[in-house]
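Engineer:
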Amino acid sequence: MKSYRKELWFELPRRRQLVNVTREVEAAVQASGVREGLCLVNAMHITASVFINDDESGLHHDFEVWLEKLAPEKPHSQYRHNGAEDNADAHLKRTIMGREVVMAITEGALDLGPWEQIFYGEFDGRRRKRALVKIIGE
Amino acid sequence: MKSYRKELWFELPRRRQLVNVTREVEAAVQASGVREGLCLVNAMHITASVFINDDESGLHHDFEVWLEKLAPEKPHSQYRHNGAEDNADAHLKRTIMGREVVMAITEGALDLGPWEQIFYGEFDGRRRKRALVKIIGE
Amino acid sequence: MKSYRKELWFELPRRRQLVNVTREVEAAVQASGVREGLCLVNAMHITASVFINDDESGLHHDFEVWLEKLAPEKPHSQYRHNGAEDNADAHLKRTIMGREVVMAITEGALDLGPWEQIFYGEFDGRRRKRALVKIIGE
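Protein chains in written order, with the working numbering: chain U, 3 to 140; chain V, 3 to 140; chain H, 3 to 140.
(1) Reducing DSSP to helix, strand and coil, say where residue 11/V ends up.
(2) Measure from the alpha carbon of residue 52/U to the alpha carbon of each residue in 116/U, 23/U and 111/U, then state which is nearest.
(3) Decide yes or no for the touch test of the segment 35-43 of chain U against the segment 105-112 of chain U: beta carbon pairs closer than 8 Å, at least 3 of them.
(4) Kindly indicate the opening and closing residues of the alpha helix (DSSP H) around residue 105/H.
(5) Which first and last residues belong to the alpha helix (DSSP H) in which residue 92/V is found?
(6) Is residue 21/H closer than 7 Å to residue 122/H when the C-beta atoms are compared?
(7) Return the residues of the segment 82-106 of chain U that lie within a Cβ-Cβ distance of less than 8 Å from chain V, sorted by chain order.
(8) Is there a Cβ from chain H that is less than 7 Å from the Cβ of residue 54/V?
(9) Using a Cβ-Cβ cutoff of 7 Å, what residues of the segment 117-128 of chain U are near chain V? List them in chain order.
(10) Can you list, in chain order, the residues of its chain whose CB lies under 8 Å from that of residue 82/H, leaving out five sequence neighbours each side?
(11) Quick one: what does DSSP say residue 23/H is sitting in, helix, strand or coil?
(12) May I ask you to list the residues that DSSP assigns as paired with residue 44/V?
(13) Using only the alpha-carbon positions, how far apart do residue 29/U and residue 50/U sit?
(14) Buried or exposed: residue 153/H, going by 16 or more other Cβ atoms within 10 Å of its Cβ?
(15) Taking 7 Å as the threshold (beta carbon to beta carbon), is residue 11/V in contact with chain H?
(16) Taking only the alpha-carbon atoms, compute the straight-line gap between residue 66/U and residue 99/H and give it to the nearest angstrom.
(17) Is any beta-carbon of chain U found at less than 7 Å from that of residue 42/V?
(18) Which full runs of the alpha helix (DSSP H) of 4+ residues lie inside the segment 26-81 of chain H, going along the chain?
(19) Is DSSP giving residue 111/H helix, strand or coil here?
(20) Contact between the segment 4-17 of chain V and the segment 55-72 of chain U: three or more CB pairs below 8 Å?
(21) Assuming residue 32/U contacts residue 124/U (C-beta within less than 8 Å), just tell me the rounded distance between them.
(22) Do we get a CB-CB distance below 7 Å when we pair residue 47/V with the residues of chain U?
(23) Could you pull the start and end residues of the beta strand (DSSP E) that residue 127/H belongs to?
(24) From this set, 42/U, 119/U and 132/U, which residue's C-alpha is nearest residue 11/U's C-alpha?
(25) With DSSP as the reference, label residue 85/H as helix, strand or coil.
(26) Going along the chain, which residues of its own chain have a beta-carbon closer than 6 Å to the beta-carbon of residue 130/U, five neighbours each way excluded?
(27) Counting only C-beta atoms, is residue 134/V closer than 7 Å to chain U at any point?
(28) Any idea if residue 73/U is buried or exposed, counting beta-carbon neighbours within 10 angstroms, 16 or more meaning buried?
(29) Rounded to a whole number of angstroms, what is the C-alpha to C-alpha distance between residue 84/U and residue 60/H?
(30) Against chain V, with Cβ distances strictly below 7 Å, would residue 110/U count as a contact?
(31) Look at the alpha carbon of residue 16/V and the alpha carbon of residue 138/V, and state the distance between them as a whole number of angstroms.
(32) Within the 7 Å Cβ cut-off, does residue 60/V reach chain H?
Pasting the structure below:
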């Protein structure tokens, strides 16, 4: 069995932002030498997400509006977590979007559907944060 | 290490529909010959879901009502993604329900709790779509 | 390839309750002898969740309030699933929080970010229920 590990680092200028990381994950699969296996990608922070969806700017706008409706940032005082912090909403938004994705690796490549793109979803940015890529297989 | 891959195809007559695929996934585990390992099942489309819950028609009705409350289909004009398309709500509904499940395989069978059933959740049907089963182990 | 399986059992006095299981999962990783691999932890019940977030009581209170807003328990009559049962809301809450987490194992330990803690989320307690830990790797 082979295994491979890589961290992807981010320092995004906005509080909330989506970054397409499909190419970086594909590069990790290549580097791993794994032909058949599984690839896990997860946020290492609890106010960020890794998820799969469409790379379409209209939809990304819809996600922003929708998440603000389901788990609004303000008023900060509505959340008990926001004593010393102001990011309770980011914990909730990441819960909806998910911490991780697990993908198949088949014949040496990510086994994705035609429109599946992998995103790092930042909900409390403006500082250095990271995601983990872990690959196992043969 | 063994690996096994299978696609499950769907062409559902309704826009939204849940299909129990537990038997098909169990058959894939049998066919794989894996005794100890992991089984990933994921939608290959970004307007569909694979999830685990109860096979009970009342609950499935509750899911439909609930998802329409959290991410309503209409009016289509409320979503920016709906320029040429009308399926933005399906991207959001699938986000809540999840893209994938990962299950343990133990002693040659899916290691599920007594009420766990695997579903393909379609949120933008009436065309051919598919889910992926990938199994690794020994 | 090595594999390891362990059940974690709960009988919680409240209907809804979060339990930090990070230490139990770490102990399973030690017991497995796996140095590089993947660790799956999933609820074996469809009214419970396994998820990763912060171990902070203010945030846990926020989760309770938020889940009651998105998928309220009462009135029980609002859900069709609640014929003989009263736990439809628990199926919905667990859907938001997620069934499972998959984590990397690197150099013999869980490969988690600094604030990542693993929780069993109970949404229909007061009876014996369990989560599954399954580890594969080398």
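Think of the CB as a built atom: it goes at the ideal place given N, C-alpha and C, for glycine as much as any other residue.
Structural biologist: Taking the structure as given:
(1) The residue labelled residue 11/V in the question sits at position 9 within the second sequence. Look at residue 11/V here: in three-state DSSP terms it is strand.
(2) The count along the first sequence starts at 1 and reaches residue 52/U at position 50. For residue 52/U, the closest C-alpha among the options 116/U, 23/U and 111/U is that of 23/U.
(3) The segment 35-43 of chain U, when compared against the segment 105-112 of chain U, does touch it at the 8 Å Cβ threshold.
(4) Position 103 of the third sequence, counting from 1, holds the residue named residue 105/H. Element bounds for residue 105/H: not the alpha helix (DSSP H) but the beta strand (DSSP E), 102-108.
(5) Residue mapping note: residue 92/V aligns to position 90 of the second sequence, counting from 1. If you look at residue 92/V, you'll find it in the alpha helix (DSSP H) that goes 90-99.
(6) For the purposes of this step, residue 122/H is identified with residue 120 of the third sequence, where counting begins at 1. For the purposes of this step, residue 21/H is identified with residue 19 of the third sequence, where counting begins at 1. With a cutoff of 7 Å on beta-carbon distance, residue 122/H and residue 21/H are scored as near each other.
(7) If the cut-off is 8 Å between Cβ atoms, the segment 82-106 of chain U has 98, 99, 100, 103, 104, 105 and 106 near chain V.
(8) The residue you call residue 54/V lines up with position 52 of the second sequence. Residue 54/V belongs to the set of residues whose beta carbon lies under 7 Å from a beta carbon in chain H.
(9) Residues are counted here when their Cβ sits less than 7 Å from a Cβ of chain V; for the segment 117-128 of chain U these are 117 and 118, given in chain order.
(10) Numbered from 1 along the third sequence, position 80 holds the residue referred to as residue 82/H. Excluding positions up to five away in sequence, the list reads 90.
(11) Reading the third sequence from its first residue, position 21 is the one you call residue 23/H. DSSP, reduced to helix, strand and coil, places residue 23/H outside both helices and strands of the structure shown, so it counts as coil.
(12) Indexing the second sequence from 1 puts residue 44/V at position 42. DSSP output for residue 44/V lists 102/V and 134/V as bridge partner(s).
(13) The residue given as residue 29/U occupies position 27 in the first sequence. The residue given as residue 50/U occupies position 48 in the first sequence. When the Cα atoms are used, residue 29/U and residue 50/U turn out to be separated by approximately 22 Å.
(14) The question about residue 153/H has no answer, for chain H in this structure spans 3 to 140.
(15) Stepping through the second sequence from its first residue, residue 11/V is reached at position 9. At a cut-off of 7 Å between C-beta atoms, residue 11/V does not count as an interface residue with respect to chain H.
(16) As a first step, residue 66/U is located in the first sequence; it is residue number 64 there, counting from the start. As a first step, residue 99/H is located in the third sequence; it is residue number 97 there, counting from the start. One alpha carbon belongs to residue 66/U, the other to residue 99/H, and they sit about 19 Å apart.
(17) To locate residue 42/V, count along the second sequence from 1; it is residue 40. The Cβ of residue 42/V sits closer than 7 Å to at least one Cβ of chain U.
(18) The qualifying runs are 59-72.
(19) One-based indexing of the third sequence puts residue 111/H at position 109. If DSSP states are grouped into helix, strand and coil, residue 111/H belongs with the strands.
(20) Not touching, per the Cβ criterion.
(21) The count along the first sequence starts at 1 and reaches residue 32/U at position 30. The count along the first sequence starts at 1 and reaches residue 124/U at position 122. About 26 Å; that fails the 8 Å criterion.
(22) For the purposes of this step, residue 47/V is identified with residue 45 of the second sequence, where counting begins at 1. In terms of beta-carbon proximity, residue 47/V lines the interface with chain U, with at least one pair separated by less than 7 Å.
(23) The residue you call residue 127/H lines up with position 125 of the third sequence. Judged by DSSP secondary structure, residue 127/H falls outside any beta strand (DSSP E); it is assigned neither H nor E.
(24) Here residue 11/U refers to the residue found at position 9 of the first sequence. Ranking the options by Cα distance to residue 11/U, first place goes to 132/U.
(25) The residue labelled residue 85/H in the question sits at position 83 within the third sequence. Coil at residue 85/H, not helix or strand.
(26) Locating residue 130/U in the first sequence gives position 128, counting from the first residue. Taken in chain order, the residues that qualify are 13.
(27) Against the second sequence, residue 134/V aligns to sequence position 132. Yes, its Cβ sits closer than 7 Å to a Cβ of chain U.
(28) Counted from its first residue, the first sequence places residue 73/U at position 71. Residue 73/U counts as buried, since no fewer than 16 other beta carbons sit within 10 angstroms of its beta carbon.
(29) To locate residue 84/U, count along the first sequence from 1; it is residue 82. To locate residue 60/H, count along the third sequence from 1; it is residue 58. Between residue 84/U and residue 60/H, the alpha-carbon positions lie close to 8 Å from each other.
(30) Stepping through the first sequence from its first residue, residue 110/U is reached at position 108. Interface residue (Cβ-Cβ distance to chain V less than 7 Å): residue 110/U is not classified as such.
(31) Reading the second sequence from its first residue, position 14 is the one you call residue 16/V. Reading the second sequence from its first residue, position 136 is the one you call residue 138/V. Distance between the alpha carbons of residue 16/V and residue 138/V is about 34 Å.
(32) The sequence position of residue 60/V within the second sequence is 58, counting from 1. Closer than 7 Å: yes.
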